[in-house]
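For the sequence shown, my numbering gives the first residue as 8, with consecutive numbering after it. Don't be surprised by glycine CBs; every beta carbon is placed ideally from N, CA and C. Working notes, beginning with the structure itself.
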Amino acid sequence: MMNVPTDLKYTESHEWVKLSKNNEIATIGLTDFAQEELTDIVYLDLPKVGDEIEATTECAVVESVKAASDIYAPLSGKVIEVNQAVLDDPALVNEDAFGKGWLFKIKLADPAELEELLSDSDYEEILSEKERPDDDEDEEK
């Protein structure tokens, strides 16, 4: 079973968001599902401090021994911090996706975008649909 912490918000593209108490700062990372699908992460290209990023647009790249994938901004805002530790040791994302493996922090531009994020239970539902075999087309909801 995938680790899906209940205190975070999620995106359908498998990023997680941890909000500061005042909902002004968002810490962003890759979910357990994403790091497991990618396998061993070997390189990250993250946005720079000061970059303005827009929700749902490509803002970073993660490379693993298996594939290179885009990381999408879950929210719009200005990058205020980048996790240098994961740039130096990308395997931290595999080892501690929700802790030391965080990617970057942004100051939110539009708090209304928070409504677009998924709760832990909504995200778990998406994961359970991914785990189902493809031959269950007759069981459409």
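Checklist line | At least three beta-carbon pairs within less than 8 Å, the segment 67-80 to the segment 33-51 | finding: Note that the segment 67-80 touches the segment 33-51; at least 3 beta-carbon pairs, one per stretch, sit closer than 8 Å.
Notebook entry, point to check: What are the start and end residues of each continuous beta strand (DSSP E) run of 3 or more residues lying completely inside the segment 82-116, in chain order?
Noted result: Counting only runs of 3 or more, we get 84-89 and 111-115.
Check: Taking DSSP as the reference, what is the three-state secondary structure of Ala80?
Finding: If DSSP states are grouped into helix, strand and coil, Ala80 belongs with coil.
Next item on the list: Name the residue from Ala98, Ala41, Ile32 and Tyr50 whose alpha carbon lies nearest to the alpha carbon of Val86.
Entry: Minimum Cα-Cα distance from Val86 among the listed residues Ala98, Ala41, Ile32 and Tyr50 corresponds to Ile32.
Next item on the list: Would you mind stating whether Ser83 and Ala62 have Cβ atoms separated by less than 8 Å?
Entry: Contact: yes.
Item checked: Cβ neighbours of Ala41 in the same chain (closer than 6 Å, five flanking residues each side left out) -> Annotation for Ala41: His21 place their beta carbon closer than 6 Å to its own, counting only its chain and skipping 5 residues before and after.
Check: Should Gly108 be labelled buried (16 or more other beta-carbon atoms within 10 Å of its own) or exposed?
Finding: In this structure Gly108 is buried. Its beta-carbon is surrounded by 16 or more other beta-carbon atoms within 10 angstroms.
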